[in-house]
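What follows is a set of notes on a single structure, which appears directly below.
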Amino acid sequence: MGPMTALRVDGLHVEVPEGASLLDAARAAGTELPTLCHDDRLRPAGSCRTCLVRADGRITAACVTPATPGADITTAHEDLQTLRRDAVALIASALPPHALTTAPRSELAHTCRALDITPPPATAPTPHNRDESHPYIHLDPDLCIACGRCVRMCDDVQGTFALTLTGRGADTVVAPGTGGPWAQSDCVACGGCVDTCPTGAITQPGPGRGITTGQPHPQHVRTTCGYCGVGCALDVVVSDNQVSAVLPALDGPVNQGHACVKGRFSHGYLTSADRLTQPMIRKNGTLEPAGWEEALTLAADGLRAAVAAGGPDAVAAISSARATNEENYLIQKFLRTVIKTNNIDNCSRLCHAPSAAGLSAAFGHAGGTDSFDDAEKADCLLVVGANPVEAHPVIGARLLQQALNKASLIVADPRAVGLAHHADVHLRPRPGTNVALFHGLAHVLVAEGMTDPDFLRERATGLTELIDLLAHYPPARTAELTGVPAQDITAAARLYGRARRPAILYGLGVTEHLHGTDGVRTLANLAILRGALAHTGRGYGIIPLRGQNNVQGASDMGALPDLLPGYGRVTDPQARTRAEAVWGRPLPTRTGLRIPEMLQAARQGTLRALWIIGEDVCATDPNSHRVADALDTCPLVIVNELFPSRTTQHADIVLPVASWLEKDGTFVNFDRRFQRVRAALRPPAAARTDFDVVHALAAAMGADLGCRTPAETLAECGRIAPLFAGLSHTRLDREGAVAWPCPSPDQPGQATLYTRAFTTPDARAHLSAAPYLPPGEEPDTDYPLLLVTGRRWTHYNSGSMTRRGGNLLLEAHDHLDLHPQDAARHHLTDGTEVTVESRHGKARLTARLSDELSPGQVFCAFHFPESGVNSLTSDHADTVTSCPEYKVTAVRLTHTTT
Ligand code: SF4
Numbered sequence: 046m047g048p049m050t051a052l053r054v055d056g057l058h059v060e061v062p063e064g065a066s067l068l069d070a071a072r073a074a075g076t077e078l079p080t081l082c083h084d085d086r087l088r089p090a091g092s093c094r095t096c097l098v099r100a101d102g103r104i105t106a107a108c109v110t111p112a113t114p115g116a117d118i119t120t121a122h123e124d125l126q127t128l129r130r131d132a133v134a135l136i137a138s139a140l141p142p143h144a145l146t147t148a149p150r151s152e153l154a155h156t157c158r159a160l161d162i163t164p165p166p167a168t169a170p171t172p173h174n175r176d177e178s179h180p181y182i183h184l185d186p187d188l189c190i191a192c193g194r195c196v197r198m199c200d201d202v203q204g205t206f207a208l209t210l211t212g213r214g215a216d217t218v219v220a221p222g223t224g225g226p227w228a229q230s231d232c233v234a235c236g237g238c239v240d241t242c243p244t245g246a247i248t249q250p251g252p253g254r255g256i257t258t259g260q261p262h263p264q265h266v267r268t269t270c271g272y273c274g275v276g277c278a279l280d281v282v283v284s285d286n287q288v289s290a291v292l293p294a295l296d297g298p299v300n301q302g303h304a305c306v307k308g309r310f311s312h313g314y315l316t317s318a319d320r321l322t323q324p325m326i327r328k329n330g331t332l333e334p335a336g337w338e339e340a341l342t343l344a345a346d347g348l349r350a351a352v353a354a355g356g357p358d359a360v361a362a363i364s365s366a367r368a369t370n371e372e373n374y375l376i377q378k379f380l381r382t383v384i385k386t387n388n389i390d391n392c393s394r395l396c397h398a399p400s401a402a403g404l405s406a407a408f409g410h411a412g413g414t415d416s417f418d419d420a421e422k423a424d425c426l427l428v429v430g431a432n433p434v435e436a437h438p439v440i441g442a443r444l445l446q447q448a449l450n451k452a453s454l455i456v457a458d459p460r461a462v463g464l465a466h467h468a469d470v471h472l473r474p475r476p477g478t479n480v481a482l483f484h485g486l487a488h489v490l491v492a493e494g495m496t497d498p499d500f501l502r503e504r505a506t507g508l509t510e511l512i513d514l515l516a517h518y519p520p521a522r523t524a525e526l527t528g529v530p531a532q533d534i535t536a537a538a539r540l541y542g543r544a545r546r547p548a549i550l551y552g553l554g555v556t557e558h559l560h561g562t563d564g565v566r567t568l569a570n571l572a573i574l575r576g577a578l579a580h581t582g583r584g585y586g587i588i589p590l591r592g593q594n595n596v597q598g599a600s601d602m603g604a605l606p607d608l609l610p611g612y613g614r615v616t617d618p619q620a621r622t623r624a625e626a627v628w629g630r631p632l633p634t635r636t637g638l639r640i641p642e643m644l645q646a647a648r649q650g651t652l653r654a655l656w657i658i659g660e661d662v663c664a665t666d667p668n669s670h671r672v673a674d675a676l677d678t679c680p681l682v683i684v685n686e687l688f689p690s691r692t693t694q695h696a697d698i699v700l701p702v703a704s705w706l707e708k709d710g711t712f713v714n715f716d717r718r719f720q721r722v723r724a725a726l727r728p729p730a731a732a733r734t735d736f737d738v739v740h741a742l743a744a745a746m747g748a749d750l751g752c753r754t755p756a757e758t759l760a761e762c763g764r765i766a767p768l769f770a771g772l773s774h775t776r777l778d779r780e781g782a783v784a785w786p787c788p789s790p791d792q793p794g795q796a797t798l799y800t801r802a803f804t805t806p807d808a809r810a811h812l813s814a815a816p817y818l819p820p821g822e823e824p825d826t827d828y829p830l831l832l833v834t835g836r837r838w839t840h841y842n843s844g845s846m847t848r849r850g851g852n853l854l855l856e857a858h859d860h861l862d863l864h865p866q867d868a869a870r871h872h873l874t875d876g877t878e879v880t881v882e883s884r885h886g887k888a889r890l891t892a893r894l895s896d897e898l899s900p901g902q903v904f905c906a907f908h909f910p911e912s913g914v915n916s917l918t919s920d921h922a923d924t925v926t927s928c929p930e931y932k933v934t935a936v937r938l939t940h941t942t943t
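For what it's worth, the working numbering labels the leading residue of the sequence shown as 46, then goes sequentially.
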């Protein structure tokens, strides 16, 4: 605990942290004051005058007055109570009568009840000017008291600046800053304004109306968001097995009372009419409903037949970054102990496999070096190949506040989006030239003496080779290779190099390349050159912003063809022996197939059974026509899914499964924190959790996987994997979040990964001297544009969940963003239907002109499978990990004719 301030409140001695307000001091003394313009997450405003106290004889608003040592505060005198009551009554009296009746759960209604203020008698209905244009947020300006909480929430927490107070005097109300309806404003529907509004002027429609964060609801379940890898803690309010509201937890370890449109509002898919609720079996070419027993028997017979025909390696499974750790653990255990193959992989293969490979090679472990909480203390942020404002919104918001308030910001990304608008230096490398850019930055660090010689001498290796290589990457040559002006490279290197505590965060713009692992390693070079790691006190290392909710955990649990739970190699006898001792069975010794190799083996006829769990590979994997060919060739394809998908169209057996709101277990977020996932709802009809399905299929094959419950499963995993030995559901229930490594129950989780030595074989950080090599595709006369794919804030991955709800009203189809010069050259305007062609396929999109792109580059998301974006992307993949090169595809545009 830091320095404290001692003072007296109504005669009581209290101590509050230095910098606290008189409101904090009053609360410490057990006194509740009305606070209509105050929210602990926001800058205090002191405008409503409802928290008046007397401090050393002077009447003042407690929320904006600092607690000073020795102050003598009075809150309870009758005159103060009268003043506060009058202030609240005055505010309430300016509202229409329905203010306290239609928003009975509002903070204003609660305060009026507490102060015995009765609403004025109902009179003629007041004129309403409601804005109900938005699917998730409605505004009733008649109830606005102009406290400004929503505006501050939007500015100071979310960083979107979408709201403003308009009008004069008593007519002042909140409104979208763009002036039109809410749905057409800049709002990104984080829900912060809904949560903080004290009167019910801003609400979410439907059964969640009036339920807000900070007002504990009796029927809520605490869980962890199942969309992105940020890992927001959410309180799910349930009624009759239906979600009424999802609220960000104020004490959420990562989100601290914040969320985004997906976690907060996008749960309409749960009750979608096309939810799969019973198994389906293909008969005569058509998927037909079946019972579980029939489906499981058919699946078990098919797996046995595949093994009989081609041996255990004729079977493979693609596990899921959406599934819990316990489900991933169980699936890989099934493959390794029942089928006896290491043919298990997960979709980190398509996104952050290069992070695991690159960070392991550089430092030892397959995770970011430091925690995000630490990175938030950095005085310089280098954000590379990531658009967290849209893809990781809560982290994006926190980074933005950091950049606005205290840190310099370098963004390296081809597009001018999100944080780039606020960057001190925005580097815009041509897609596919990251390695050259990172070498250019490293060149300046070395040339200008901005390295840490002691760290490099004592803790790192590979400096000589790197310095030799860097001689080829002076800023002028790097500028030629990357398209980034030499002076910008120098300016960025100086900002990073001269910062006292810099941090690097990066995303898929670094990994999804032909040389993605080299990209991660050469980016890590910068942190190593500066010795910038939390444990050295000179920075906060390098942190990957992992995409899906549990993509870190799926790999942690060993859903990988070469690694067991906790990253022991399948080829390492010691690691195998440890797992064999727990599982009681010998393990296969040959490294299994990666996802692209599985698909190739299926096309070649050597893979005879493929089990796909929660992945729409026909929509999300590159060169999707070839993926479909692979599934059509494979004799048995089993798919666990929530909805019919492109992939289920090619399945022989479809098993209906539970969503993240219907299951129990744990996820690991992007900075290695284990958090609990708890079932808020029962799965619909006959749908089961993946956990139950794996057990049932194992049983159908005559095997018992043990691990009766998710809690038992995590405990067993800890016996194999020392990294997780200290974790348990009981502990997570108690502590909320625990980072790995956590080697024993009596040790805290290690948010800072390396507190002493690195875990490479020689305990040193390894610099990489990999040269820059060009991407798999470059523009030419036939395909003159470069396509980059990525995410938008409105949807999530293939959109299977976000397209089944209100998000569809926010964005109804995929767009192709292109620079106005390219649009003019192709005679395209905003809204023109355009066909995008690559050497691999065609997609149909709607043109959207944007100067966020450089000329010659186009961008689209992949949230609508029917647009066919992933038929465009190539088979080029990271040379180390096989991660597809989604970020660089040469394309051309034509007008869509039909
Ligand atoms: Fe969920 Fe990510 Fe949004 Fe948080 S930021 S609510 S984890 S999608």
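All C-beta atoms, glycine included, are put in the ideal place defined by N, C-alpha and C.
In terms of residues, what are the limits of the alpha helix (DSSP H) holding residue i?
i: ILE440; result: 438-450
i: THR918; result: From DSSP, THR918 is part of no alpha helix (DSSP H); its letter is neither H nor E.
i: VAL283; result: Unbroken run through VAL283 is the beta strand (DSSP E), 278-284; no alpha helix (DSSP H).
i: ILE640; result: 640-649
i: ILE29; result: Since the displayed the chain opens at 46 and closes at 943, residue 29 lies outside it and no answer follows.
Count the other CB atoms, across all protein chains shown, that sit within 10 Å of the CB of residue i; report buried if there are 16 or more and exposed otherwise.
i: ALA730; result: exposed
i: GLU525; result: exposed
i: ILE190; result: buried
i: ALA51; result: exposed
i: LYS932; result: buried
i: LEU608; result: buried
i: GLU371; result: buried
i: LEU854; result: exposed
i: SER138; result: exposed
i: THR80; result: buried
Please classify residue i: does DSSP put it in a helix, a strand, or coil?
i: CYS235; result: coil
i: THR891; result: strand
i: VAL925; result: coil
i: HIS58; result: strand
i: VAL615; result: coil
i: MET49; result: strand
i: SER416; result: coil
i: GLU625; result: helix
i: MET495; result: coil
i: CYS273; result: strand
i: SER289; result: strand
i: ASN300; result: coil
i: THR797; result: coil
i: ILE256; result: coil
i: ALA106; result: strand
i: GLY710; result: strand
i: ALA344; result: helix
i: HIS517; result: coil
Note the first and the last residue of the continuous beta strand (DSSP E) segment covering residue i.
i: TYR551; result: 547-551
i: ARG721; result: 718-722
i: GLY603; result: Unbroken run through GLY603: none, as it is neither H nor E.
i: ARG99; result: 97-100
i: CYS425; result: 425-429
Under 8 Å by Cβ, that's how I've got residue i and residue j pegged, so tell me the actual separation to the nearest angstrom.
i: LEU464; j: MET746; result: LEU464 to MET746, Cβ: 50 Å. No contact.
i: PHE379; j: TYR181; result: Not a contact, Cβ separation roughly 39 Å.
i: ARG37; j: ASP185; result: Within the shown structure, residues of the chain are numbered from 46 to 943, placing residue 37 beyond reach of any answer.
> Who's in the neighbourhood of ligand 1, going by beta-carbon under 5 Å from any heavy atom, listed in chain order?
Replying inline: CYS270, TYR272, CYS273, VAL275, CYS277, ALA304, CYS305, LYS307, GLY308, PRO438 and VAL439
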